[in-house]
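Last residue of the sequence shown: number 311 in my numbering, and the count goes up by one each step with no gaps.
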Amino acid sequence: MQQRRPPAVKQSSSGGSMWDKEASDFWKDMKVDDNRKKLPSASSRLLSAVAVSALVLLGSLYVYSTRSISVDLSEELRESIVRANCTKLAVQSRWHADMCQRICPDNEFNEPCTNGCLYGTMTVTKEVCIDRPLNATESAMCPYRVDCAGACVEYANVRPIPAKRNACEGGCSSVVPSSCKRAMDLLDELAKMDA
């Protein structure tokens, strides 16, 4: 088997290869600007300073404008969280059932009374949690009314007439003041905790 020899690179008269000569000629043809200053000119420094100042000004205006919007949004968000917590805590407690059990008699009028009582307590509690201002100061009187007669209309034709309807309306109207006071206190407490 015969070995191949690598092709010889043509040598130039100066002793280097043809590639060395081309590289040397390339770099000789490149112009180097020795007059170029190492530091930027005064006008370019001034232009850079103005550009940076403009960016800082625009950034601060953006932060200021979005900050006022975010404060408003966080206030609305805080209020919705307080109201949601009020509804959740007030409605999902045994207080309503226990209160209606205490109010309603343990006889044939228990069912209509309990239904009216539960309707009244849940309705006024939801109204307070949804509509009462968070910064309200009055708590002596409940400003919310419940239509107990409308809720108990289903007992209008149930015998003994009108005793069951009256039991329903009585259960509803007797629980509304205490339920309203409880819901107002709970909402006020949640609003103070979150502030």
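Think of the CB as a built atom: it goes at the ideal place given N, C-alpha and C, for glycine as much as any other residue.
Quick one, which of the options has its alpha-carbon nearest residue i's?
i	options	result
E270	P228, E254, L234	P228
C258	K297, C268, G286	K297
I246	N226, A272, A213, L302	L302
E305	R199, I277, W135	R199
N231	A252, Q208, T253, C264	C264
What is the residue span of the alpha helix (DSSP H) that residue i lies within?
i	result
C268	No alpha helix (DSSP H) holds C268; DSSP gives it neither H nor E.
E138	134 to 145
Y235	226 to 247
I219	211 to 219
D301	279 to 310
Is the beta carbon of residue i sitting closer than 8 Å to the one on residue j?
i	j	result
L250	A206	no
M300	V244	yes
C216	G287	yes
R281	A272	yes
Any idea if residue i is buried or exposed, counting beta-carbon neighbours within 10 angstroms, 16 or more meaning buried?
i	result
K373	What is shown of the chain runs 117 to 311, which leaves residue 373 out entirely.
F225	buried
I219	buried
Does the region 288 to 297 come close enough to the region 231 to 245 to have 3 or more Cβ pairs within less than 8 Å? yes
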